[in-house]
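Using the working numbering, count along the sequence shown one by one with no gaps and you end on 379. For each residue, glycine too, the CB sits at the ideal point set by N, CA and C. Just so it is clear, the structure is predicted and the values come from calculations on it, not from any experiment.
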Amino acid sequence: MDGRPPWLQAAVVLPAGLAALLWPAKRGSPALSSRQRGEAAWRGTTVRATVPPVLSLALTVIGALSGWTVTYGVGEIVILLCLLLVSVRTCPAPWAAVCGSLNGVAVLALTGRNSSGDLMLTFAVLVGAAAGLGGYLRTLDLRRAVAVTETRRAERLAMAADLHDFVAHHVTGILVQAQLAEMLATTEPDRLAPIMKDIERASAEALASMRRTVGLLRDAPNDDATGPVPAERRPIGDLPALAGLVEDFGGPAGPKAVLCRAADVPDDLPHEVQAAAYRVVQEALTNVRRHAADATEVAVELAHQDHALRVTVRDDGRGGTRVPHAARGGGFGLVGLTERVTALGGDLRTGPRPDHGWEVTAVLPTVA
12 MDGRPPWLQA AVVLPAGLAA LLWPAKRGSP ALSSRQRGEA AWRGTTVRAT
62 VPPVLSLALT VIGALSGWTV TYGVGEIVIL LCLLLVSVRT CPAPWAAVCG
112 SLNGVAVLAL TGRNSSGDLM LTFAVLVGAA AGLGGYLRTL DLRRAVAVTE
162 TRRAERLAMA ADLHDFVAHH VTGILVQAQL AEMLATTEPD RLAPIMKDIE
212 RASAEALASM RRTVGLLRDA PNDDATGPVP AERRPIGDLP ALAGLVEDFG
262 GPAGPKAVLC RAADVPDDLP HEVQAAAYRV VQEALTNVRR HAADATEVAV
312 ELAHQDHALR VTVRDDGRGG TRVPHAARGG GFGLVGLTER VTALGGDLRT
362 GPRPDHGWEV TAVLPTVA
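(1) Would you say Val374 and Arg321 are within 7 Å of each other, going by their C-beta atoms?
(2) Let's see if you can read the secondary structure: which residues bound the alpha helix (DSSP H) around Arg301?
(3) I'd like to confirm the pairing. Which residues does DSSP put opposite Gly362 in its beta bridges?
(4) Cys102 by DSSP, collapsed to three states: which one?
(5) Hey, could you find the ends of the beta strand (DSSP E) His318 is sitting in?
(6) Any idea if Tyr83 is buried or exposed, counting beta-carbon neighbours within 10 angstroms, 16 or more meaning buried?
(7) Closest to Leu355 by C-alpha separation, out of Ala319, Gly368, Asp366, Thr361, would be which residue?
(8) In three-state terms, what does DSSP make of Leu76?
(9) So what does DSSP say about Arg272, is it helix, strand or coil?
(10) According to DSSP, is Pro277 part of a helix, a strand, or is it coil?
(11) With the cut-off set at 7 Å, would you say Leu94 and Pro63 are in Cβ contact?
(12) State the Cα-Cα distance for the pair Thr101 and Gly115, rounded to the nearest angstrom.
(13) Evaluate Glu87 with the Cβ neighbour count: other Cβ atoms within 10 Å of its Cβ, from every protein chain shown; 16 or more gives buried, anything less gives exposed.
(14) Please look up how many angstroms separate the CB atoms of Thr323 and Glu312, rounded, as I've assumed it's under 8 Å.
(15) Rounding to the nearest angstrom, what Cα-Cα distance links Val352 and Ala288 in this structure?
(16) Which of the three DSSP states, helix, strand or coil, is assigned to Leu375?
(17) Determine the contact status of Leu119 and Phe134, defining contact as a CB-CB distance below 7 Å.
(18) In chain order, what residues of the same chain have a beta carbon less than 6 Å from the beta carbon of Ala314, not counting five sequence neighbours either side?
(19) How many Å lie between Ala165 and Ala107 at the Cα?
(20) Between the alpha carbons of Ala268 and Glu258, how many angstroms are there, rounded?
Okay, here's the thing in structure tokens:
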């Protein structure tokens, strides 16, 4: 039997192929977990990429067995090649090979509808090009996903550092001064005014730090953004701000705090270096409040030598503390400082002094 049913291709392959390519993907109910939605998405993609080539192959086989001369057109070829590309790019690894191979075989099988088979080489080149392009786009997608993940991880670490370094610093200061105010309330009430003023200032600064962190959470950067980091997203703190930090640390409730900055320390150091130096001093002062309440003097020294900024914080405490155990920290501050300093190619050392007290020293390279 020899016939030409011209409607067969148009009624079977083309509608299924167009539906697979153009119908919106079902993303799953919001009530489902992200993993369940992901599984639903790839299952939908797999089904879409499988049905049209199966129908095309079935049509080719039916034509060969029945004696019909089943034709093919540009539309069927384009649809199968597009599904091949989509399969290789988006399906999970095992199914990408299965669906991609199925579409590739369906394209090559089209030459079976033409008894001459002269187009086999051309179709093979088209299949290889579609598979190669799909693999290339899959690699780009993977790299982008990794970059986005690393960017988000870096932002979470930065937010954690902000919360620890700034909020914990201010809250620890508030706690210490509140304890002092409680002790002086009955014995020396005339000394309460400056202490309460310091508590008010530290509370305002803690709220400002929290607002900044919340702002970073609400206004996430565009993953495609390039160029310099905006000023509001750069690390907080610089060398000029150290003077105020050290001065505020002393106050009526704290030990004598002195900042000694060598004349050779330049003002135009990279912002990341200045921010790291600020964080080192801030964490060291916070630890004095937490672990050395008996300290009477704290010295902060800045020096510039051998293309590096040297930051040293010393105290004369003997380890006494009057803050509750829950407020003494969990060791994350030094871990974060070490990560921050080593990321800049520097070195952080902490330990007891020969006589008594504690010393923190950070060496930060100032040139790349």
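Once the coordinates are examined:
(1) As a working mapping, residue 374 is identified with position 363 in the sequence shown. As a working mapping, residue 321 is identified with position 310 in the sequence shown. Closer than 7 Å, so yes.
(2) Here residue 301 is taken as the residue at index 290 of the sequence shown, counted from 1. Per DSSP, Arg301 belongs to the alpha helix (DSSP H) from 282-302.
(3) Locating residue 362 in the sequence shown gives position 351, where the first residue counts as 1. According to DSSP, which records beta bridges pairwise, Gly362 is partnered with Glu370.
(4) Numbered from its first residue, the sequence shown carries residue 102 at position 91. If DSSP states are grouped into helix, strand and coil, Cys102 belongs with coil.
(5) Counted from its first residue, the sequence shown places residue 318 at position 307. Under the DSSP assignment, His318 falls outside any beta strand (DSSP E); it carries neither an H nor an E label.
(6) Taking the sequence shown and counting its residues from 1, one reaches residue 83 at position 72. That one is buried.
(7) Residue numbering aside, residue 355 sits at position 344 when the sequence shown is read from its first letter. Of Ala319, Gly368, Asp366, Thr361, the residue nearest in Cα terms is Ala319.
(8) Residue numbering aside, residue 76 sits at position 65 when the sequence shown is read from its first letter. DSSP, reduced to helix, strand and coil, places Leu76 within a helical segment of the structure shown.
(9) In the sequence shown, the residue the question calls residue 272 occupies position 261. Assignment of Arg272 by DSSP, reduced to helix, strand and coil, places it in the strand class.
(10) Position 266 of the sequence shown holds residue 277. In the structure shown, Pro277 sits in coil (DSSP, three-state: anything other than H, G, I, E or B).
(11) Mapped onto the sequence shown, residue 94 falls at position 83. Mapped onto the sequence shown, residue 63 falls at position 52. The answer is yes: Cβ separation under 7 Å.
(12) Here residue 101 corresponds to residue number 90 of the sequence shown, with the count starting at 1. Here residue 115 corresponds to residue number 104 of the sequence shown, with the count starting at 1. Each residue's Cα considered, the two are about 16 Å apart.
(13) What you label residue 87 is simply residue 76 of the sequence shown in a count that begins at 1. With 16 or more other Cβ atoms within 10 Å, it is buried.
(14) The residue labelled residue 323 in the question sits at position 312 within the sequence shown. The residue labelled residue 312 in the question sits at position 301 within the sequence shown. Yes, they are in contact, since the Cβ atoms of Thr323 and Glu312 sit about 4 Å apart, within 8 Å.
(15) Counted from its first residue, the sequence shown places residue 352 at position 341. Counted from its first residue, the sequence shown places residue 288 at position 277. Roughly 9 Å separates the two Cα atoms.
(16) For the purposes of this step, residue 375 is taken as residue 364 along the sequence shown, with counting starting at 1. It is a strand residue.
(17) Residue mapping note: residue 119 aligns to position 108 of the sequence shown, counting from 1. Residue mapping note: residue 134 aligns to position 123 of the sequence shown, counting from 1. Contact flag set, yes.
(18) Indexing the sequence shown from 1 puts residue 314 at position 303. Ala273, Arg321.
(19) Numbered from 1 along the sequence shown, position 154 holds the residue referred to as residue 165. Numbered from 1 along the sequence shown, position 96 holds the residue referred to as residue 107. Roughly 32 Å between the two C-alpha positions.
(20) Here residue 268 corresponds to residue number 257 of the sequence shown, with the count starting at 1. Here residue 258 corresponds to residue number 247 of the sequence shown, with the count starting at 1. Distance between the alpha carbons of Ala268 and Glu258 is about 7 Å.
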